[in-house]
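Structure first, then comments.
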Amino acid sequence: MNDKSAHTRSNFGKRGTDNADFPKALVQFENVSLKYNNSIAEKNRNLALDRVSLRLERGGFYFLTGPSGAGKSTLLKLMYLALRPSQGDIEMFGVNVGKADRDELPSLRRRIGVVFQDFRLLPHLSVFDNLALPFRVRDKAPADYIDDVEELLNWVGLGKRMDALPETLSGGEQQRVAIARAVVGKPDLLIADEPTGNVDPQMGARLIRLFVELNKLGTTIVIATHDHEMVARSGAPVLRLEHGKLTQISAPHRATNSRH
Amino acid sequence: MKFGDFGFLNFEFFRRFFGAGETPLLPADSRQVRPLTIVVAIMCGLGCLAALTVRSGFRAADNWTNDLESALTVLVSSPRDEQSLTRAVVISRSVEGIASANLMPRTKAKALLRTYGANIGALIDELPLPSLIEVGLVNKDKKAAGLLEAELKKAGYNVEIDDHSRYSGEILRTSMVLRGFALLALLALIIAAVASIGFAARAALETRRDAVEILHLVGAEDAFVAREVQSRFMRLGLIAGSIGAFGAGLMTVLGSGLMFIGASGMTKGADLLKWYDIWILLLAPIVTAVASAIAARIAARSTLRELV
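Written out as structure tokens, the structure reads:
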């Protein structure tokens with residue numbers, strides 16, 4: 041299906057204006073394949089992704105679904121620039137990342153926020169320091185980010201635990217820190233891998249509301265999830281992967297174009 | 008201009024370079040740090056000892072060659088009566104380029120003979136001792152040797168002039184070999200220390216690969232990650248270098264004491280090390296820290312290039 045439907049467009053919280061910074065789609069995959077070098081599976085199944093083409097518009101809200109092992113994490117890794125494609129072209133923010141120089145990647149990565157399924161918090165850093173990470177790698181002085189970090193920590197309900205180490209937090213609390221770290225830098229693209237998997241339904245709904253709010257502010261959101269109910273409820277377009285192939289790019293069931 | 012502000016070399020630069028005041032993003036693994044600190048401290052200590060050996064070797068060679076090159080020995084074969092020898096000394100003193108001339112006492116000549124002839128006991132008194140005049144030169148002026156020989160011969164003396172070039176040449180060659188060995192040892196130690204640091208930096212990045220990936224994914228540049236590793240190893244180098252230099256200083260003091268107690272005539276009072284040679288010990292931690300930082304940075308940049 042990826043061949044016949046090369047792009048999809050989301051109206052979920054989409055802004056109505058074009059931005060000169062992004063003359064093209066925010067994310068564009070053209071026949072992207074990825075083969076892991078250490079794969080011992082049979083030849084055809086070596087491909088973690090097989091000729092995937094897609095186009096994510098700026099300000100869109102997308103869900104990525106599919107069974108385990110379908111290639112969702114691989115697709116996300118390509119999006120957050122942890123991998124480069126074996127074949128095909130990927131354009132992020134108008135830059136061909138396959139051909140981009142290594143030195144160009146950090147500036148692109150700073151425009152992407154990632155929420156990992158396993159949180160990936162640095163265990164030796166406090167909650168505050170984990171959140172401050174995107175600022176510290178940009179050599180920002182603490183005075184420049186303390187307020188932002190504290191405000192966000194209060195928002196996710198961890199204002200009183202900012203000195204705690206991740207190991208002392210529950211799974212849900214760690215998830216909230218991971219989400220806060222992903223959004224603290226006000227990214228253009230937010231990628232979340234099962235963001236509600238480790239939190240109770242109430243917190244899950246709250247996090248989704250946070251994503252919607254960010255989306256309204258112009259952040260493009262991509263959420264990988266198995267929660268079909270949440271996907272159906274949102275009405276956002278769905279990218280479905282099966283055996284490394286993009287098998288479905290659905291139109292939104294229900295546009296939540298609340299700003300327009 | 009604020010206090011401590013010198014263009015880019017301001018307080019903030021050093022604060023960030025050393026990572027002061029913030030939790031390190033790539034903390035050291037204590038299982039790795041302790042042995043590495045010990046290894047680098049030992050290498051730095053040995054390096055200091057090698058450097059001090061080079062320094063004392065240079066000074067000893069300088070002292071010896073200086074003594075030899077600023078003096079001549081005149082062997083008077085005839086006439087050898089006391090009056091003639093005194094006159095020869097007077098003539099010697101009058102030659103241009105000669106600072107001093109003294110007849111060598113018989114006891115000193117005997118002592119010299121004993122040094123070369125080992126213990127020959129009572130026989131030494133029966134040997135015909137040479138009549139020697141010790142001559143001091145102004146500014147190692149070797150031309151004075153020719154003038155002196157000509158003046159003494161003109162006055163009817165049968166003399167031989169020894170300008171010590173045979174001994175000073177041997178001493179120079181020997182000292183050059185010793186200096187070379189000490190410098191090679193120093194170089195080998197520096198290379199070993201740098202290689203150890205480089206290896207450790209690579210290992211540190213491998214063990215913290217997850218953290219490095221997170222740093223990359225939040226937008227850290229390779230230079231930033233390398234700087235984190237570099238500042239950590241710079242601190243390690245500074246601490247290990249200080250420990251090594253202190254140990255070397257202690258060993259030098261003890262060694263000097265032992266040397267003083269059991270010294271030979273050649274080494275005793277030679278003052279091979281001066282108090283101001285302490286600059287070697289003071290400089291060693293800084294050199295170790297800088298070498299560690301450079302080695303860690305190169306290793307880190309090379310390791311990071313292997314990542315996406």
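Residue numbers (the working numbering), protein chains in the order written: chain A, 41 to 300; chain B, 8 to 315.
Think of the CB as a built atom: it goes at the ideal place given N, C-alpha and C, for glycine as much as any other residue.
- With a contact defined as Cβ atoms closer than 8 Å, R62 of chain B and I285 of chain B miss out at about 11 Å.
- When DSSP reads this structure, N255 of chain A sits in no beta bridge, so it has no partner.
- CA-CA distance, V224 of chain A to P174 of chain A, rounds to 8 Å.
- If you look at T259 of chain B, you'll find it in the alpha helix (DSSP H) that goes D229 to I268.
- Residues of the segment 220 to 251 of chain B with a C-beta less than 8 Å from any C-beta of chain A: E220, I221, L222, H223, L224, V225, G226, A227, E228, D229 and F231, listed in chain order.
- Per DSSP, the continuous alpha helix (DSSP H) segment holding K117 of chain A begins and ends at K112 to M119.
- Within chain A, the residues L162 have their CB atoms less than 7 Å from the CB of A218 of chain B, given in chain order.
- F240 of chain B sits buried, since 16 or more C-beta atoms from the chains shown fall within 10 Å of its C-beta.
- F101 of chain A is bridged by DSSP to A:I261.
- When DSSP reads this structure, D169 of chain B sits in a beta bridge with B:T80.
- According to DSSP, residue pairing for G153 of chain A in a beta bridge involves A:L230.
- A distance below 6 Å between beta-carbons, with the five flanking residues on each side excluded, links T295 of chain B to the following residues of its chain, in chain order: C51, G244 and G248.
- Boundaries of the beta strand (DSSP E) harbouring A108 of chain B: I105 to L110, taken from the DSSP string.
- In the three-state reduction of the DSSP assignment, S138 of chain B falls in the strand class, which pools E and B.
- For L212 of chain B, the nearest beta carbon of chain A is not closer than 8 Å to its own beta carbon.
- If you compare the alpha carbons of B:G251, B:E228 and B:I246 with that of L314 of chain B, the shortest gap goes to B:E228.
- By the 16-neighbour rule on beta-carbons within 10 angstroms, I261 of chain A is buried.
- When the Cα atoms are used, L104 of chain A and S166 of chain A turn out to be separated by approximately 31 Å.
- For chain B, the residues of the segment 89 to 122 of chain A that bring a beta carbon within less than 8 Å of one of its beta carbons are Y120, L121 and A122, in chain order.
- Rounded to the nearest whole angstrom, the C-alpha separation of V72 of chain A and E282 of chain A is 15 Å.
- Take the alpha-carbon of D148 of chain B and the one of A162 of chain B: they are about 22 Å apart.
- In chain B, no part has a C-beta under 8 Å from the C-beta of P206 of chain A; the shortest such distance is about 12 Å.
- Residue pairing from DSSP places R280 of chain A in a beta bridge opposite A:T105 and A:Q288.
- Measuring C-alpha to C-alpha distances from T80 of chain B to each of B:D169, B:L59 and B:A116 identifies B:D169 as the nearest.
- In this structure, the beta-carbon distance from V189 of chain A to M132 of chain A does not fall below 8 Å.
- A straight-line Cα-Cα distance of about 7 Å links P292 of chain B and A252 of chain B.
- For S126 of chain A, the secondary structure class from DSSP, reduced to helix, strand or coil, is coil.
- Taken atom to atom, the span from the alpha-carbon of L224 of chain B to that of R178 of chain A is near 12 Å.
- Between the C-alpha atoms of A207 of chain B and A303 of chain B there is a straight-line separation of about 8 Å.
- For T30 of chain B, the C-beta contacts it makes with chain A under 8 Å involve H164, L165, S166 and D169, in order along the chain.
- Under a criterion of Cβ atoms nearer than 8 Å, the residues of chain A adjacent to P34 of chain B are, in order, H164.
- At least one CB of chain B lies nearer than 8 Å to the CB of P174 of chain A.
- The continuous beta strand (DSSP E) containing F69 of chain A extends over residues V67 to K75.
- Distance between V102 of chain B and L155 of chain B, taken at the CA atoms: about 6 Å.
- G284 of chain A places its beta carbon less than 8 Å from that of G111 of chain A.
- Against chain B, a Cβ distance below 7 Å from P146 of chain A picks out G226, A227 and E228.
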